[in-house]
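>
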Amino acid sequence: MSSKKKVLIIQNIHEAGINLLKDNPSYEFEIFNEINDEVKNKITDCDAISIRTAKLPNEIIRTAKNLKVISRHGVGYDNVGLEATKDKGITLTITATANAVAVAEHVMFMLLNISKRKNMYDETVKSGKFIERNNLPKTIELWGKKILIAGFGRIGRALIKRCLGFEMKVYVYDPYVEQNTITSLGGEKINNLNETIKDMDAVSLHLPLTSETKNLINYDLLKTLKKNCIIINAARGGIINEEDLNKALNEDLIFGAGLDVFETEPPENNNPLLKNEKVFLSPHTAAFTEECMIRMGKETTQNIIDFFEKKLEKSKIVTL
Ligand SMILES: NC(=O)c1ccc[n+]([C@@H]2O[C@H](COP(=O)([O-])OP(=O)(O)OC[C@H]3O[C@@H](n4cnc5c(N)ncnc54)[C@H](O)[C@@H]3O)[C@@H](O)[C@H]2O)c1
19 MSSKKKVLII
29 QNIHEAGINL
39 LKDNPSYEFE
49 IFNEINDEVK
59 NKITDCDAIS
69 IRTAKLPNEI
79 IRTAKNLKVI
89 SRHGVGYDNV
99 GLEATKDKGI
109 TLTITATANA
119 VAVAEHVMFM
129 LLNISKRKNM
139 YDETVKSGKF
149 IERNNLPKTI
159 ELWGKKILIA
169 GFGRIGRALI
179 KRCLGFEMKV
189 YVYDPYVEQN
199 TITSLGGEKI
209 NNLNETIKDM
219 DAVSLHLPLT
229 SETKNLINYD
239 LLKTLKKNCI
249 IINAARGGII
259 NEEDLNKALN
269 EDLIFGAGLD
279 VFETEPPENN
289 NPLLKNEKVF
299 LSPHTAAFTE
309 ECMIRMGKET
319 TQNIIDFFEK
329 KLEKSKIVTL
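Every letter in the sequence shown is one number past the one before it in our numbering, and letter 42, counting from 1, is 60.
1. Taking DSSP as the reference, what is the three-state secondary structure of residue 237?
2. In angstroms, rounded to a whole number, what distance separates the CA positions of residue 333 and residue 93?
3. On the DSSP letters alone, give me the boundaries of the beta strand (DSSP E) that residue 221 sits inside.
4. Classify residue 194: buried if its beta carbon has 16 or more other beta carbons within 10 angstroms, exposed otherwise.
5. Is residue 84 helix, strand or coil when you go by DSSP?
6. Any heavy atom of ligand 1 closer than 6 Å to the CB of residue 231?
7. Using the three-state DSSP reduction, which class does residue 111 fall into: helix, strand or coil?
8. Kindly indicate which three-state DSSP category residue 144 falls into: helix, strand or coil?
9. With C-beta atoms as the reference, is residue 252 less than 7 Å away from residue 278?
10. Please tell me whether, using a cut-off of 6 Å, the distance from the CB of residue 35 to the nearest non-hydrogen atom of ligand 1 is below it.
11. Nearest-angstrom Cα distance between residue 83 and residue 313?
12. Residues in the same chain with beta-carbon distance under 6 Å from residue 243, minus the five sequence neighbours each way, listed in chain order, please.
13. Can you tell me whether residue 225 is buried or exposed, with buried defined as 16 or more other CB within 10 angstroms of its CB?
14. Look up residue 50 in the DSSP assignment and say whether it is helix, strand or coil.
15. Which residues in the same chain as residue 80 place their Cβ atom closer than 6 Å to its Cβ, once the five residues preceding and following it in sequence are excluded?
16. Return the residue from the list 181, 172, 210 that minimises the CA-CA distance to residue 129.
17. What separation, rounded to the nearest whole angstrom, lies between the Cα atoms of residue 276 and residue 199?
18. Specify, as a first and last residue, the run of the alpha helix (DSSP H) that residue 211 falls within.
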């Protein structure tokens with residue numbers, strides 16, 4: 019019998035990550051696109067799983083006899099059955115250091131695209147209507163504007179630097195982060211979300227999807243916002259209620275929204291947000307830069323290797 023650790027890579031990762039396993043005689047691995055019956059069968063006796071966004075539910079995890087570590091390619095882990103992972107004493111790891119900068123840059127990209135009305139202005143020139151330039155609705159600046167960063171973990175902290183670079187005033191809502199930490203990074207801690215959000219020109223969400231944060235941004239809150247407010251969600255679908263957002267945009271309650279994530283992914287074809295001109299969308303690709311895919315691919319397999327070599331850093335392990 020082979021003494022090599024069996025690793026299942028569910029949904030391929032960058033070859034830089036695969037190479038770490040290829041070059042290591044202690045591991046054998048197989049790559050699959052999805053969790054089908056063949057993979058379910060292999061899960062029963064694998065030692066490690068690398069997983070991207072495919073759902074790995076409790077009932078499948080419970081069938082695993084040797085599984086010691088599940089390595090998430092990314093930082094969110096709402097696709098993994100946490101109950102079974104915890105019950106079986108399996109370690110769940112994330113690529114903690116890989117994607118904060120890529121997502122923070124994506125937020126700036128969305129903010130600028132919306133405030134500068136990229137789609138409309140680009141289309142105006144391309145369709146031969148340059149001459150209309152004085153008749154277009156005006157764009158808005160980020161300079162001096164107030165942005166609320168909700169959730170001040172890895173991504174929130176990468177974002178604040180970029181917002182300060184644009185000379186925005188940054189407010190932070192994260193009940194779990196000390197005031198000193200926020201102040202030392204140039205932000206102002208706020209305690210009452212509902213009160214402060216009314217005064218913001220932009221809001222960017224960087225918190226996990228939990229029962230506490232589901233529908234955090236709903237119609238009742240949206241109708242209190244400033245008319246020039248831009249909302250960005252590059253965290254998880256469901257933190258903003260999509261139906262409420264669409265209604266608020268149609269009623270001109272806010273300036274625009276940028277969404278990288280959706281309640282259902284891919285979004286249903288009849289999701290009205292897909293046709294709403296005030297929304298700027300991307301297909302959950304905030305972290306899909308070439309550089310970030312390399313970092314995430316390497317960190318995903320390195321976390322597995324580090325786990326078995328007993329040198330996995332605590333910051334990469336999810337506390338269950
Ligand atoms: N769009 C993408 O491709 C992409 C990529 C990476 C991460 N994400 C998502 O971005 C989010 C943030 O990731 P991160 O790496 O910064 O996570 P993180 O764990 O480092 O930070 C999350 C922060 O949210 C705070 N928080 C938790 N509950 C809160 C609440 N109810 N109110 C306010 N703050 C709360 C925590 O205290 C923590 O500081 C996650 O939802 C993650 O899944 C999306």
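Quick reminder that beta carbons are idealized off the backbone N, C-alpha and C, glycines included.
Checking against the coordinates, here is how it stands:
1. helix
2. 11 Å
3. 220-223
4. exposed
5. coil
6. yes
7. strand
8. helix
9. yes
10. no
11. 30 Å
12. 272
13. buried
14. strand
15. 102
16. 181
17. 27 Å
18. 211-214
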